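Peer 1: Below you'll find the structure I mean.
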């Protein structure tokens, strides 16, 4: 199995631009999570999908952030407009609903100038 | 709500020495506990987990952890570390609060193994 796939691995953009991060979960997994990792705040859960439906988006910082999961094999996290304080590493993780272990992707390192 | 405290932000240790990384969590009726490792520029990888049963849990790479309910702790140990164990280690707890397996992570402990 290829594991959780994220793209791009690195993204550098300018303030005000739209940024789209992509995630392909492990085949057969029905739960997907987006996390953000920063030095100041550590690992924070942004949003949780189950069977492609957003269940918990309480961690999404503000309206500039949006996430979608149009099908079981693809999810996006979009930031529009981006700001320098959005600079972080964004992780996607997937699992089976009945399982406990979450499998993490390699992350996307976002830098907003 | 659950919370996780990793008592040491950094732990320097010499190669082949033993190491313990400490983790405490806030009390709850029942919890699942995890240790994840993050190597530089990589995602998180599960080291071990406690769901139920034996309080001593063995994981990959020679690591083990002991669940102590009375002390609400889940400390990670390895009897002899290698240079390759240099990484960041995260303790996490999940208690199904909110109806799903939400992981709450500690701030992380950076383990630096020196020759």
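Chains as they are written, first to last, in the working numbering: chain A, 1 to 113; chain B, 114 to 228.
Where is the CB? At the ideal position from N, CA and C, for every residue including glycine.
Computed from a prediction, not measured in an experiment: that's the story for all the values here.
(1) Under 8 Å between the Cβ atoms of residue 128(B) and residue 206(B)?
(2) Please name the residue, chosen from 179(B), 213(B), 192(B) and 188(B), that lies closest to residue 221(B) on a Cα-to-Cα basis.
(3) Where does the unbroken beta strand (DSSP E) through residue 69(A) begin, and where does it stop?
(4) Quick check on residue 108(A): buried or exposed, where buried means 16 or more other Cβ atoms within 10 Å of its Cβ?
(5) Consider the C-beta atom of residue 93(A) and the heavy atoms of the ligand COA; say whether any pair is separated by less than 7 Å.
(6) Less than 8 Å between CB atoms is the rule here; does residue 50(A) satisfy it with respect to chain B?
(7) Taking C-beta pairs closer than 7 Å, name the residues in chain B that residue 101(A) reaches, listed in chain order.
(8) List the residues of chain B whose Cβ lies closer than 8 Å to the Cβ of residue 77(A), in chain order.
(9) In the structure shown, what three-state DSSP assignment does residue 174(B) receive?
(10) Taking the runs of the beta strand (DSSP E) that are 3 residues or longer, which of them lie wholly in the stretch 126 to 190 of chain B?
(11) Is there a C-beta anywhere in chain B that falls below 8 Å from the one on residue 45(A)?
Peer 2: Reading off the structure:
(1) no
(2) 188(B)
(3) 65 to 71
(4) buried
(5) The ligand content of the structure shown is nil, which means the ligand COA is not present either.
(6) yes
(7) 159 and 162
(8) Within chain B, no residue comes near residue 77(A); the closest Cβ sits about 15 Å away, beyond 8 Å.
(9) helix
(10) 132 to 134, 145 to 151, 157 to 163, 169 to 171 and 177 to 181
(11) yes
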